[in-house]
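Undergrad: Here you go, one structure.
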Amino acid sequence: MRRRWALSALLLLSAGELHAEPTGRFPDPDEKAPASVEARPPATPAPPKQGAKLQAESWATRSARELTQRADTLARRGELARALTIYNQAVVMDGTFAPAFFGLGKLRELQGDVREAERIYTRAAHLRNGGAKAFELRARLR
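Each position in the sequence shown, counted from 1, maps to that position plus 3 in this note's numbering.
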């Protein structure tokens, strides 16, 4: 079997049927490159897009950020019950948004519920963007 295969391959090669010729060439460039390149002033980078940060955030994070800002304003005004409700909404909206946990913990601290504040800070410490500040706030409770 091997001999028959080798003989057929030899016959095909000797007959020239498998001989490949180039079908085309790349065209030679008509113009030569200039000897010197004209210096241009550096291009100024494009200004950052207004919505660039918002596009990187998910809608849940964006909503939690807005709710947290609203709750911060209410807490500064002294409307603690409404602020507590809105902080809880922010935490439900995005459970990974650390500033909502910080605000909720501070509010619980103001209300005298230290155990709940510590629990909230502990939960915030496990978040990717809340670690150091959450540990600091929790340590301040003790």
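Glycine is no exception: its CB is placed at the ideal position from the N, C-alpha and C atoms. The model shown is predicted, which means the values in this text are computed figures rather than measured ones.
Please report the straight-line C-alpha distance between R73 and E82, rounded to a whole angstrom.
TA: Cα-Cα distance, rounded: 11 angstroms.
Undergrad: Helix or strand or just coil, what does DSSP make of A145?
TA: The question names Ala, but residue 145 in the sequence shown is Arg. In the structure shown, R145 sits in coil (DSSP, three-state: anything other than H, G, I, E or B).
Undergrad: So E121 is in the alpha helix (DSSP H); what residue range does that whole segment cover?
TA: Start and end: V117 to A128.
Undergrad: On a Cα-Cα basis, can you pick out the residue from L130, N132 and I123 that is closest to A142?
TA: Of the candidates L130, N132 and I123, the one whose C-alpha sits nearest the C-alpha of A142 is I123.
Undergrad: In its own chain, which residues sit with a C-beta less than 7 angstroms from the C-beta of Q92, not counting the 5 before and 5 after it?
TA: Here the set comprises L70.
Undergrad: With burial defined as no fewer than 16 other Cβ atoms inside 10 Å of the residue's Cβ, what is the status of R80: buried or exposed?
TA: So R80 counts as exposed.
Undergrad: DSSP three-state label for Q92, please.
TA: Three-state result, Q92: helix.
Undergrad: For V94, does the count of other Cβ atoms within 10 angstroms reach 16, so buried, or fall short, so exposed?
TA: Result: buried.
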